[in-house]
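Asker: Please read through the structure below; I'll follow up with questions.
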Amino acid sequence: MPARESALRGLAAGAIKELLGAEAVIPLGDPGLAAARAQALVTGKELRNLFLMAMLGIAAIEGLLAMWWAARRYAWKR
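Sequential numbering from 1 applies to the sequence shown in this note's numbering.
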C-alpha cells in the first residue's frame, strides 16, 4: 500500500474514531495508520488550543474596551 493511501486511510479512520469514540475502528497492523491518526489528533488539539487562545484574546480586548468606555463616560460626566 502506498504511503499516501495509508495516510489517507489513517486520517479517515481517525475521523471515524473521533466521531464514534471507538478504538476498535483502527487496525493496529499498519504503522502508517497509527502515524496518520496521531498526527490528526495533534492537529485537532492544536486547533482547539488556538481557538481557545483567540477567544481569550477577544475577551481581553472587550474588557479593555469596556474599561476605556467607562472611564471616558465617567470623565465626560465630570
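Every residue, glycine too, gets a C-beta built ideally from N, C-alpha and C.
Taking only the alpha-carbon atoms, compute the straight-line gap between residue 54 and residue 78 and give it to the nearest angstrom.
Answerer: When rounded, the distance between both Cα atoms is 36 Å.
Asker: Check this for me: beta carbons of residue 44 and residue 10, under 8 Å apart or not?
Answerer: For residue 44 and residue 10, no; Cβs fall outside 8 Å.
Asker: Give me the Cα-Cα distance between residue 46 and residue 59, rounded to the nearest whole angstrom.
Answerer: Approximately 20 Å, taken between the alpha carbons.
Asker: In three-state terms, what does DSSP make of residue 78?
Answerer: Coil at residue 78, not helix or strand.
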